[in-house]
Each structure stands twice: as C-alpha cells, then as structure tokens.
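Residue numbers (my numbering), protein chains in the order written: chain A, -13 to 259; chain B, -13 to 259.
Here a beta-carbon is modelled for each residue, glycine too, at the ideal position from N, C-alpha and C.
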C-alpha cells in the first residue's frame, strides 16, 4: 500500500497526529509541551477515537451535524477536555464533500436537524462562547430558538463567523484552509513545513480562540510577534515560552492547520521525508 | 462513551500510542527522541494505519497469519521502516482470542497457511534474523521448507523462541506480557507507570532485539543498568543518553510493553490521570 492510497478518514487522522506532534508551535500542546490538564496523549487518543465518525463522513451518507456530534461524543471519553471540536467542524464537511467545492455544497444543504445536533455536540464540550451570544449553548432555550427560526447549521456558522474563524471558513469558502495547504506545499516536507505554515497563518489573522480568552489586543500582539519570528527578528523558542507562560494558545489556527494538512496530503504533499 | 467501553482495536491502538509517547525510555524512540530514519510520527502513523487489521482480529474470523500480514502491509507505507512487527505478533492473537487464554487456543490452531502468511509479512519488514537461522526469510527455499515440513505458525514461534522473546511469549503463555500488565496496575496511572513497567521488564530479561544487534554481553549490561536505575543508583536520563549514543534500543521489551498496556487497559488500568 502506498500512503497516497490512504483512505480519507486515515488522512484526517494523520493530519490530526502530524499537527499536534509538530514543534515548536507557539503556546499550543506539542511534542515538547503539555498543559496541566490536556496532554499530547489526549490529542492522540482523540485522533484514534475519531475514526468511526471520520469513516461516517467518508461514506458521505449521514447528516453533517450528526457526524460532528458523533466525533465529539466518541472523543469525549478522556479527561483532557475538548481537543478537536474546531478541527471536526472543518474536517467533516471536507471529507464528506471530497474536497472544498463538495464541502461547500454539503454545507449549503444543512438544515435545522444539523443545527440541533451541532448544538448538542457543542454542549458536550467545554468550548467557550462569547458571553453576549444570543445562541448560548448553556441556555436551554437556544434549541427552541433554533427550531423556531428554522436555522440551518450554515445559518449557525454565519451567526458565529464574526467571532470565530473556524465558522468563518464555512461561510467564506475555506480560504485559510486552502492557504495553509498551499503554504505546506511551498514549505517543503514534514514537520518544518507544518511549523512554517502554522506561523504564517498566525501572522496573517488574529486567532479567535485567543480573542475569546484574552481579548483582541493580545490576539493582535500574538499575530505581530509571529510576523517578527518569520522575519527572523524574534526567536520561535522565546515566543513559544512566552505564550506558554501567559496561557496564550492559538487553538483556532491549529484547527485550520489540521484541515490544511488534510487537504495537502490529498494533493500529494509529503509528511514523510 | 466511557473509555472503558472502547473497542479492542482502539485499545490496541491506544496501547501503541501510549508506549511510544512515554518517556524517558532508554534508547527507544519516545516523545523526546527520534532516530534519524524512524521518528515518533512513523510510530504514530503505524498506529493509525493498523486499524483495519486490528479490527479484523477483533472479528475473530480470519486467520492469524494473514491478519499479521495485513497489519504489516498496511503500516509499511511510510519511510520509517518496521515499527510494530513484534507488537502485532503479540496484539493480534490477544485481540483475536479476547485475552491470554483465548490467544493460546488460537495459537494452537494455527496451520501451515498461517506460517506462510507470516513469512511473507516478515519479508516485507527489515527485521533482522539470526544469521545462522535455517528458516531465513531472505532465502526463497524457506517457504518450500515450511510447506514440506507442514510447519504451523506455532512451530515457527517454537523455532524462534530461543532467540526471540516475542516468539517466546507465544510458546510460554505470555508471561512477560502478563507481568507487564500487573506492573502497570501496581505502578499507578499513566506515563510514569509505563516507564516503571518498561524498566522493570528490561531489568529482568536480556532484550533479544539488543542481542541480535549487539550480542548477549551488551543486552546483559543493559539489563543490569536498568536494575541500577530502578535501585536509584543510576540516573534514567544518563542511561537513556548512553543507550542512544551507542544505538542500543530495547525493541522487544517495547513490543511486550505494548501488549501489557493492551491487557492492563482491558482490566481497567487508567492511562489518563
């Protein structure tokens, strides 16, 4: 078997594994760094447990909201908290639609049942929302509101897009995912290319996960510092250490990089040099 | 879903992942150390690609030799060389037989077709044999000899047992696998327990992978030094650094520890503290 013949579900698992192992990545869990409650092993366990849901997406039959719910449910059995919620939001339509154009068609076909399943998945995670959000996942009326307004999962993503760059990928046609895949292919092979693509995306947009946790100023500062590292004016290791000390972890860029690796692997990019 | 409800194939994948991530492990690839040609990512990619063969074992229908061949074939698509051949030899009957007693029954039922499939799997790896071995995998007459003598896969393991501690597990009833599982349960949870079980097994028998590569004297010295580390008379980090410098990697103990983790997980041992 050539790795080029691997199944889409395996390619997605490989992308999840390669992203978390790549180092040094500023602020995130990587081969050299754990958080006290979320460790490398938690990310890798989720990579294993996600298989069944990723295979469901590969079959392209079930509903996207339900498949995202299954992925969250099946990877929720360890003590490491949420590891891949954002990644599943990107990977599942990309697998289901066999690429970005098909993902966009699939997204347009989501309905209120997908939105409800997605909110049930969301409620299983500890992912933070914006405190002012009208569709608060902790509020039992939210599901009623979604049903009353007959909101599709695409509507939910449109609602979330201003504050969430993962949701924004659905609405804007996966531009950062695409850009990350191109960066990987331009940056050579394997681990170094992943770090390079990660830093370049981080330098181009404020990470919305950082915004939710620390506010826009810190997200912007992180973006500028990633640019300084790329320009050779700042050490990556020092940047990483500072992010870790201040609990700044660019989790949304990490989700997008996973989707980028998935796409790049399908286009022949080599992780294995 | 509770992790206690995980499928046998997932438990085996989790065991493969946890073993390679545990550190520091003297001489082997771990979270802190790669070999130039075989890296952490290769071990983790094999963990992902093994899924289909491990599921075959879980169904308990096909033939063990053929399933081992599928596991080797499916994990052979990267450039990292052999990562888990020994682990598959242990895991596949353990999954197939739903534990050690069932594995022993399954092993007794192997026939010449299992032996032939196994040799074909062996030929796909770069695993070394003893140079004086009559059943040399590189010799095209070996398959003829196996067929002429009507050797079962159990016969092959009996033939290999004196020089290979993984084969010996088949013949002697998985005593080291069992002991490793008990050690894990006695040593607490997670990563530290894996390192402790690894060192204790390493201190109890010369690793046959080291014997094949460096001879018995080096394997014995490694065993004594593991004992010194356990007794607190030598630092684990210094032992690890020295093994790496001298290219001494206890690969057979690593295979057995994977099987031990698999058994311990099924008995409720917690990897996740």
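message = Quick check on this structure: which residue in B/69, B/6, B/34 has the alpha carbon closest to the alpha carbon of residue 113 of chain B?
response = B/69
inquiry  = Could you give the first and the last residue of the continuous alpha helix (DSSP H) run that contains residue 186 of chain B?
reply    = 176 to 188
message = So if DSSP puts residue 16 of chain B in a beta bridge, which residue, or which two residues, is it bridged to?
response = B/19
query = Near residue 102 of chain B, what residues of its chain come up, given a Cβ to Cβ distance below 8 Å and the 5 sequence neighbours on each side ignored?
reply = 51, 129, 132, 133
ask   = If you draw a straight line from the alpha carbon of residue 146 of chain A to that of residue 227 of chain A, how long is it in whole angstroms?
value = 31 Å
query = Within the 9 Å Cβ cut-off, does residue 33 of chain A reach chain B?
reply = yes
query = Beta-carbon of residue 246 of chain B versus every beta-carbon of chain A: anything under 9 Å?
reply = no
task = Please decide whether residue 257 of chain A counts as near chain B, where near means a Cβ-Cβ distance under 9 Å.
result = yes
message = Using a Cβ-Cβ cutoff of less than 7 Å, which residues in the same chain neighbour residue 21 of chain A once the five nearest sequence positions on both sides are dropped?
response = 15
message = Is the beta carbon of residue 165 of chain B closer than 9 Å to that of residue 4 of chain B?
response = no
message = For residue -4 of chain B, would you say it is in contact with chain A, using Cβ-to-Cβ distances shorter than 9 Å as the test?
response = yes
task = Counting only the same chain and skipping the five closest in sequence on each side, list residues whose C-beta sits under 8 Å from that of residue 252 of chain A.
result = -6, -3, 85
message = Among B/210, B/259, B/150, whose alpha-carbon lies nearest the alpha-carbon of residue 237 of chain B?
response = B/150
ask   = So, does the CB of residue 45 of chain A fall closer than 9 Å to a CB anywhere in chain B?
value = no
request  = Count the C-beta pairs between the stretch 235 to 250 of chain A and the stretch 80 to 95 of chain A that are closer than 8 Å, then say yes if the count reaches three, no if not.
outcome  = yes
request  = Express the C-alpha separation of residue 6 of chain A and residue 179 of chain A in angstroms, rounding to a whole number.
outcome  = 13 Å
message = Please classify residue 201 of chain B as buried or exposed, where buried requires at least 16 neighbouring CB atoms within 10 angstroms.
response = exposed
key: Any chain A beta carbon closer than 9 Å to residue 37 of chain B   = yes
request  = Just the C-alpha distance for residue 279 of chain A and residue 23 of chain A, rounded to the nearest angstrom, thanks.
outcome  = Because chain A in this structure spans residues -13 to 259, residue 279 of chain A falls outside the shown range and cannot be described.
task = Measuring alpha carbon to alpha carbon, tell me which of A/46, A/182, A/87 ends up nearest residue 155 of chain A.
result = A/87
ask   = If you drop the 5 nearest sequence neighbours on each side, which residues of the same chain put their C-beta closer than 7 Å to that of residue 18 of chain B?
value = 9, 10
query = What are the boundary residues of the alpha helix (DSSP H) that residue 78 of chain A is part of?
reply = 71 to 82
request  = Take residue 73 of chain A and list the residues in its own chain whose beta-carbon comes closer than 6 Å to its own, dropping the five residues that flank it on each side.
outcome  = 241, 244
key: Bounding residues of the alpha helix (DSSP H) (the contiguous stretch that carries residue 105 of chain B)   = 98 to 110
request  = Check the Cβ of residue 0 of chain B against every Cβ in chain A and list those closer than 8 Å, keeping chain order.
outcome  = 31, 34
Limits of the alpha helix (DSSP H) - the one that residue 228 of chain A falls within = 222 to 231
request  = Assuming residue 66 of chain B and residue 25 of chain B form a contact by the criterion Cβ under 8 Å, report the distance between their Cβ atoms to the nearest whole angstrom.
outcome  = 6 Å
ask   = Does residue 170 of chain B come within less than 9 Å of chain A when only Cβ atoms are used?
value = no
message = So that I know if they touch, is there some Cβ in chain B lying closer than 9 Å to that of residue 26 of chain A?
response = yes
query = Of the choices B/193, B/215, B/213, whose alpha-carbon is the least far from that of residue 234 of chain B?
reply = B/193
ask   = Can you check whether the CB of residue 215 of chain B is closer than 9 Å to the CB of residue 232 of chain B?
value = no
request  = Quick one: residues in its chain with C-beta nearer than 6 Å to the C-beta of residue 12 of chain B, no 5 flanking neighbours on either side, listed in chain order?
outcome  = 225, 226, 229
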